[in-house]
């Protein structure tokens, strides 16, 4: 997850015209690591206190789960300015490929908008598998970041981006992800934020119709996005918290964005400027 986050940050801070468009219209909040104490001791799911931080988002304790508690506090402060997107970056210990968990809007009479971003990721990235995505909010997942953010903050585009520890399938063969593969996935994630939120500008850029020095005026409406970096994927069954053989590779990343003059994202979140 940290390699993916590195790729996303590299994209967001680049001089690419699509990255500039995104920065001009959104404020993006990045939480690069929600489980620093656990990860530094070799845990990829649990904190130093032995708790899975992606199961306490409903009521995080400021003493035992400070990173989750204060991330939610920041999100509450920014909620009135328009949060529009949340994504938690994880490593997954059982499934293959890269994929996303989302929140099904159909039961609430929604438009299934939550399917769109994973679909464009699958269209853009050969390592991303839409058939592996899951949008159900099962009982055992109700306290995870993506479900709590969706329900408490009303963000339909609330996701966990998972990348397999085991690799991805290419032409029927299972290949390990290299650090370069994961950085590229993170870059593709950032680029698809532009394609999703600013489709006309994205298509114009890809058509080379706009010179890089042109800086279009920001839109009038305000919107925001958010994402976070936590350790511990949503996969089940849970591996042991203290497995010394597990490398500290499963961190989650998030960002948030908000409206035209100050777009916001938590973990990985964006908000229109």
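Numbering (the working numbering), first residue to last: 1498 to 1770.
Each residue gets a CB set at the ideal place from its N, CA and C atoms; glycine is no exception.
Keep in mind the model is a prediction, meaning the values are calculated, not measured.
For residue 1547 and residue 1682, the gap between their C-alpha atoms comes out near 30 Å. Judged by DSSP secondary structure, residue 1660 falls outside any alpha helix (DSSP H) and instead within the beta strand (DSSP E) spanning 1655-1661. With respect to the C-alpha of residue 1638, the residue from 1659, 1598, 1627 and 1616 having the closest C-alpha is 1598.
Taking all protein chains shown into account, residue 1589 has 16 or more neighbouring C-beta atoms within 10 Å of its C-beta and is therefore buried. Annotation for residue 1667: the continuous beta strand (DSSP E) segment containing it runs 1665-1667. Residue state for residue 1704 is assigned as coil, using DSSP reduced to three classes.
In the DSSP secondary-structure assignment, residue 1597 is bridged to 1658. In this structure residue 1630 touches residue 1596 by the C-beta definition: roughly 5 Å separates them, less than 8 Å. Residue state for residue 1632 is assigned as coil, using DSSP reduced to three classes. Secondary structure note for residue 1523: it is in no alpha helix (DSSP H), with a DSSP letter that is neither H nor E. The C-alpha of residue 1600 is placed about 5 Å away from the C-alpha of residue 1632. The DSSP-derived three-state label of residue 1639 is coil. Counting only runs of 4 or more residues that sit fully inside the region 1502-1572, the alpha helix (DSSP H) segments are 1514-1522 and 1533-1537, in chain order. Taking C-beta separations shorter than 7 Å and ignoring five residues to either side along the sequence, the partners of residue 1616 in its chain run 1627, following chain order. A check of alpha carbon separations from residue 1655 across 1645, 1545 and 1680 identifies 1645 as the nearest. Below 8 Å, too few C-beta pairs join the region 1565-1576 and the region 1660-1669 to call them touching: fewer than three. The shortest CA-to-CA distance from residue 1691 to any of 1500, 1518 and 1499 is the one to 1518.
In the same chain as residue 1593, and ignoring 5 residues on each side of it, the C-beta atoms closer than 8 Å to its own belong to 1626, 1629, 1661, 1663, 1664, 1665, 1666 and 1671, in chain order. Here DSSP, grouped into helix, strand and coil, assigns residue 1694 to helix. Here the alpha carbons of residue 1524 and residue 1618 stand approximately 21 Å from one another.
Around the beta-carbon of residue 1591, fewer than 16 other beta-carbon atoms lie within 10 Å, marking it exposed.
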